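Engineer:
In our numbering, the protein residues as written are 13 to 143.
#1: On the three-state DSSP scale, how would you describe residue 94?
#2: If you draw a straight line from the C-alpha of residue 31 to the C-alpha of residue 25, how long is it?
#3: With a threshold of 6 Å on Cβ separation, who are the neighbours of residue 117 within its own chain once the five nearest residues in sequence on each side are excluded?
#4: For residue 41, which three-state DSSP category applies?
#5: Report buried or exposed for residue 115, applying the criterion of at least 16 other Cβ atoms within 10 angstroms of its Cβ.
Structural data, given as structure tokens:
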């Protein structure tokens, strides 16, 4: 599984190289023209695809981090479970979606707290180095 994931990531990283390679194919045959068109399409789509992946990856990291935090802090975990049970009758998936949103928010808050701690430590080190 890990090798597969790393293979996909390597392929994504090299996507623009593939686009350039195909775009530089020579010849006037149908195959060469098709390869150039595919290469141009890859180069046109790659920046948007990378931006999408960066946003989706950030959201995923907040979800995973928030899930780890909420499962490690029993009152948070039980509170989210209660909210999920209360909203279960609201419609298909709304309760589950709500728990994911709360876990993502927990991840964001946890990240912000960690950023604040790291920033304070850096400032303290900078001040001590200046004196």
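Each residue gets a CB set at the ideal place from its N, CA and C atoms; glycine is no exception.
Keep in mind the model is a prediction, meaning the values are calculated, not measured.
Structural biologist: So, from the listed chains and residues:
#1: Taking the chain shown and counting its residues from 1, the one referred to as residue 94 is at position 82. Residue state, collapsed to three classes: helix.
#2: As a first step, residue 31 must be located in the chain shown, where it is residue number 19. As a first step, residue 25 must be located in the chain shown, where it is residue number 13. Distance between the alpha carbons of residue 31 and residue 25 is about 12 Å.
#3: If you number the chain shown from 1, residue 117 lands on position 105. Short of 6 Å from the beta carbon of residue 117, and not among the five residues preceding or following it, lies no beta carbon of its own chain.
#4: Within the chain shown, numbered from 1, the residue matching residue 41 stands at position 29. If DSSP states are grouped into helix, strand and coil, residue 41 belongs with coil.
#5: By 1-based counting over the chain shown, the position of residue 115 is 103. By the 10 Å Cβ count, residue 115 comes out buried.
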